[in-house]
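Chemist: Got a structure here, written out as structure tokens. Questions coming.
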Amino acid sequence: MTHTEKYKATSGKLLVMGTIFIPNYVKKAFPSVSPNNSNSAVPFEFSIAALGLIVRDTTSAVGTSFVDGQEDNVDEEMSLNVPFYVKVRGKGKGRPVLYDPLKSSVAQIYELAEQVGLPEPNFTTSSSGAAHLRSFKAEVSFNNLTATTSGCAGSMKEVKEQACKLLVELILARNKDAGLTA
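Using the UniProt record's numbering, the first residue of the sequence shown is number 1, and each one after it goes up by one.
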């Protein structure tokens with residue numbers, strides 16, 4: 001593979017990831033240091049901007065980084081002042097626990113069940129399609145709430161995660177209506 005082919009392949013991969021072409025990426029990732037302040041380090045924001053990531057203010061909504069604005073409505077609905085649950089066991093007993101979109105929704109639902117003393121969530125999954133091209137759907141029931149995935153996913157893990165994200169959205173809406181605040 002020639003240098004030009006490698007360059008085009010790398011540019012294509014960067015474009016698929018949602019970033020920009022190599023020259024623009026390098027300019028944003030490694031900005032030139034001004035002669036007046038030659039010993040300053042490159043700020044973190046330049047690295048984030050070079051990758052094409054969006055960082056939101058965490059004072060109004062749950063902040064996380066997404067490529068090219070590909071974000072779930074789940075994050076827009078969840079605000080920091082609505083706790084996911086209140087800890088009743090272990091260290092930090094009595095403090096509200098917030099939902100973390102960077103962690104597994106499935107694991108957080110199981111932790112909620114353990115902390116509050118409820119039965120574990122019940123997953124109902126189905127698969128369809130040929131053996132080499134399976135698609136899955138899931139429904140999760142927990143604490144009188146049910147969430148079903150609207151589309152199909154390529155793996156059982158993905159579909160359970162999607163269903164749990166929907167369930168978390170329902171739990172947070174219920175907690176917000178109940179007037180729980182952090």
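Glycine included, every Cβ here is placed at the ideal spot set by N, Cα and C. Quick caveat, the model's predicted, so the values are computed rather than measured.
On the three-pair Cβ rule with 8 angstroms, is the stretch 148–163 touching the stretch 171–180?
Modeler: no
Chemist: By the 10 Å Cβ neighbour count, where 16 or more other Cβ atoms means buried, how is residue 47 classified, buried or exposed?
Modeler: The predicted model places residue 47 with a pLDDT of 42, which falls under 50 and marks its position as unreliable; any figure quoted below should be read in that light. Answer is exposed; the Cβ neighbour count stays below 16.
Chemist: Roughly how far, in whole angstroms, is the beta-carbon of residue 104 from the beta-carbon of residue 139, given that I think they are within contact range, below 8 angstroms?
Modeler: Contact doesn't hold; Cβ gap of about 18 angstroms is too wide.
Chemist: Have a look at 88, 125, 156 and 127 and flag the residue whose alpha-carbon is nearest the alpha-carbon of residue 116.
Modeler: 88
Chemist: For residue 137, list the residues DSSP reports as bridge partners.
Modeler: 126
Chemist: For residue 168, name the three-state secondary structure that DSSP assigns.
Modeler: Helix.
Chemist: From what residue to what residue does the beta strand (DSSP E) around residue 102 run?
Modeler: Neither: residue 102 is in no beta strand (DSSP E) and is coded neither H nor E.
Chemist: So for residue 153, helix, strand or coil by DSSP?
Modeler: strand
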